[in-house]
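Engineer: Okay, here's the structure, questions in a sec.
Here's what the structure looks like:
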């Protein structure tokens, strides 16, 4: 969709002086068919409040600003399509422009409440401000959608950076929803977090959904959300208190995820996270949740490709038309490739971190796992490494090559049988079959499979590099079939 914001000069000057205060302007929106050339007719303008947003990612009106829109700021009770607010992130810290979408989708797939997302191209006073991410604002509208209707008072607290449930810190949290004067639920959480006995789970269960929090931390750590609650700054999260005063952690600010410069599973983090890892039962639960996220992550490379295709025409339009110093095509391509590389390595990294059954400990001393400066006994029994971390000895992938539209794949098999290959390209509208082929093996060794890419896939390679998902199945003469999934990067057709 496209969004047109209009601000009178007085409002522009106010924003330049005090960017985090709402000023009066107008808002209009138009649907599109998925490309800049299909933007339709704008809705009638309505009066709204507009302010700038961001901390480390903040840019003023002379840069690619991010915006908050409040529909009832100047018109009492006004909503737009049932919404009270819009959050329009500028994505200036993510050249791929897909990390936030991928992160929040992973949270939701893991049964953690997280914002929904959509893309919007923004103009302000006729100036092109480029592609933005429309992130669902976590307000009472979003909470009712996620948790159902409620009558009893409850809270949504926004966690400030570096303030982490310390005694006396309740007043430092921003109250986004609920009574600003009644903070007894947060004070009870702070009290429990600072007790030294009983154990973590026993003292936290009355005030916290420990299972939900452990799932949230597992996703944060898997996607390398260094700026979330379990990360280095105890930043970018919400504490949601239900009518019974039981808290959940909700994610926020995920634009710097899926980067390899911070990718550990158990170093320093938020105090509740560290306390969880210091208790054996909670550490076991955390490891199990990580395995669950890893299984879901098998779908993320294909989803990454879909999202890259979805935003590509808008990124090209921004490069051509915006004066906001947009990312170049090379930066965008490199950022997507970095994300895919992260996903390729993540399962193996998790398998290395998880305790291994083949390395039993002595009965009196259990395996030790680092918990950010301290150590704690790792669980016994040990969690089983995820299936995606294990390579079958019957079938291994060697390498691939593309030459004039023909894909060649080398794979090793353990004996006689049949090897089937299917290659697919993920797009915004679904998966395309790139090619498929079958070879028979008379003995153990290397098989070479060749197949010609479809015309549509070859055409797509003329615009930019692509990543194919390969599905290999080896059916030996006796025994069960073995499946292997991997991905291969194909260069632009002009580069081969």
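Numbering (the working numbering), first residue to last: 8 to 503.
Just so it is clear, CB atoms sit at the ideal spot from N, CA and C, and this is done for glycine as well.
Can you name the start and end residues of the beta strand (DSSP E) that residue 129 belongs to?
Structural biologist: First-last of the beta strand (DSSP E) with residue 129: 124-131.
Engineer: How many Å lie between residue 56 and residue 91 at the Cα?
Structural biologist: One C-alpha to the other measures close to 11 Å.
Engineer: Tell me which same chain residues have a C-beta within less than 7 Å of the C-beta of residue 17, skipping the five on either side of it?
Structural biologist: Nothing meets the Cβ criterion.
Engineer: Output the distance between the C-alpha atoms of residue 185 and residue 28, rounded to the nearest integer angstrom.
Structural biologist: About 21 Å.
Engineer: With distances taken from CA atoms, which of 199, 38, 187 and 188 is nearest residue 125?
Structural biologist: Taking only the C-alpha atoms, the option nearest residue 125 is 38.
Engineer: If you check the beta carbons only, do residue 284 and residue 273 fall under 7 Å apart?
Structural biologist: Against a cut-off of 7 Å, the Cβ pair of residue 273 and residue 284 comes out as a contact.
Engineer: In whole angstroms, what is the alpha-carbon distance linking residue 195 and residue 220?
Structural biologist: Those two C-alpha atoms are separated by around 17 Å.
Engineer: Roughly how far, in whole angstroms, is the beta-carbon of residue 73 from the beta-carbon of residue 64, given that I think they are within contact range, below 8 Å?
Structural biologist: Rounded, the Cβ-Cβ distance is 7 Å, consistent with contact.
Engineer: Tell me the rounded alpha-carbon separation between residue 310 and residue 318.
Structural biologist: Distance between the alpha carbons of residue 310 and residue 318: 12 Å.
Engineer: Using three-state DSSP, classify residue 406 as helix, strand or coil.
Structural biologist: The answer is strand: DSSP assigns residue 406 an E or B state.
Engineer: On the CB-based measure, 16 or more other CB atoms within 10 Å of its CB, does residue 197 come out buried or exposed?
Structural biologist: Looking at its Cβ environment, which holds 16 or more other Cβ atoms inside 10 Å, residue 197 is buried.
Engineer: Only counting the same chain, and skipping five residues up and downstream in sequence, which positions put a Cβ closer than 6 Å to that of residue 67?
Structural biologist: No residues qualify anywhere along the chain.
Engineer: Look at residue 249 and residue 243 and say whether their C-beta atoms are less than 7 Å apart.
Structural biologist: In this structure, residue 243 does not lie closer than 7 Å to residue 249 by Cβ.
Engineer: Which whole-angstrom value is the C-beta distance of residue 205 and residue 474, which I expect to be below 8 Å?
Structural biologist: Their Cβ separation, rounded to whole angstroms, is 50 Å, which puts residue 205 and residue 474 out of contact at 8 Å.
Engineer: Leaving out five residues before and five after residue 240 in sequence, what residues of the same chain have Cβ atoms less than 7 Å from its Cβ?
Structural biologist: 168, 169 and 234, listed in sequence order.
Engineer: I'd like the ranges of any beta strand (DSSP E) spanning at least 3 consecutive residues and lying wholly in the stretch 223-274.
Structural biologist: Segments of the beta strand (DSSP E) lying fully in the stretch 223-274: 244-248 and 254-258.
Engineer: Are the beta-carbon atoms of residue 420 and residue 454 separated by less than 7 Å?
Structural biologist: Yes.
Engineer: Tell me the residue span of the alpha helix (DSSP H) that contains residue 560.
Structural biologist: Only positions 8 to 503 of the chain appear in the structure, and residue 560 is not among them; the question remains open.
Engineer: Considering only residues of the stretch 428-473, which uninterrupted beta strand (DSSP E) runs meet the minimum length of 3 residues and lie entirely inside it, listed in chain order?
Structural biologist: The stretch 428-473 contains these whole beta strand (DSSP E) runs: 437-448 and 452-459.
Engineer: So who's on the other strand from residue 420, going by DSSP bridges?
Structural biologist: For residue 420, which the question treats as bridged, DSSP gives the partners 402 and 452.
Engineer: Figure out for me which residue from 411, 483, 349 and 11 has the closest Cα to the Cα of residue 402.
Structural biologist: Out of 411, 483, 349 and 11, 483 has the C-alpha closest to the C-alpha of residue 402.
Engineer: May I ask you to report which of helix, strand or coil DSSP gives residue 111?
Structural biologist: In this structure, residue 111 counts as helix in the three-state DSSP scheme.
Engineer: Taking all protein chains shown into account, do 16 or more other C-beta atoms lie within 10 angstroms of the C-beta of residue 352, making it buried, or fewer, making it exposed?
Structural biologist: By the 10 Å Cβ count, residue 352 comes out exposed.
Engineer: Can you tell me which of 479, 333, 422 and 361 puts its alpha carbon nearest to the alpha carbon of residue 102?
Structural biologist: Ranking 479, 333, 422 and 361 by Cα distance to residue 102 puts 333 first.
Engineer: Which one of 286, 277, 227 and 218 has the shortest CA to CA distance from residue 254?
Structural biologist: Cα-wise, what sits closest to residue 254 is 218.
Engineer: Within 10 angstroms of its Cβ, does residue 509 collect 16 or more other Cβ (buried), or is it exposed?
Structural biologist: Lying outside 8 to 503, the shown extent of the chain, residue 509 is not represented and no answer is given.
Engineer: Residues in the same chain with beta-carbon distance under 7 Å from residue 46, minus the five sequence neighbours each way, listed in chain order, please.
Structural biologist: Contacts found: 9, 37 and 39.
Engineer: Where does residue 342 fall in DSSP's three states?
Structural biologist: Residue state, collapsed to three classes: helix.
Engineer: Given residue 327, which residues of its chain have a CB within under 6 Å of its CB, disregarding the five upstream and five downstream residues?
Structural biologist: Correct list: empty, nothing qualifies.
Engineer: Taking 7 Å as the threshold (C-beta atoms), are residue 442 and residue 468 in contact?
Structural biologist: Taking 7 Å as the Cβ cut-off, residue 468 and residue 442 do not qualify as a contacting pair.
Engineer: Excluding sequence positions up to five away, which residues of its chain have a Cβ less than 7 Å from the Cβ of residue 118?
Structural biologist: So the list reads 222, once near-sequence residues are dropped.
Engineer: What's the gap between the Cα of residue 174 and the Cα of residue 199?
Structural biologist: Their Cα atoms are separated by approximately 10 Å.
Engineer: For residue 177, is the classification buried or exposed, using 16 other Cβ atoms within 10 angstroms of its Cβ as the cut-off for buried?
Structural biologist: Classification for residue 177: buried.
Engineer: Exposed or buried, residue 264, counting other C-beta atoms within 10 Å across all chains shown (16 or more means buried)?
Structural biologist: So residue 264 counts as buried.
Engineer: I'd like the span of the alpha helix (DSSP H) that includes residue 411, first residue to last.
Structural biologist: That residue, residue 411, is in no alpha helix (DSSP H); it is neither H nor E in DSSP.
Engineer: Could you tell me whether the stretch 74-81 touches the stretch 285-301, where touching means 3 or more Cβ pairs closer than 8 Å?
Structural biologist: As far as the Cβ criterion goes, the stretch 74-81 does not touch the stretch 285-301, which means the pair count is below three.
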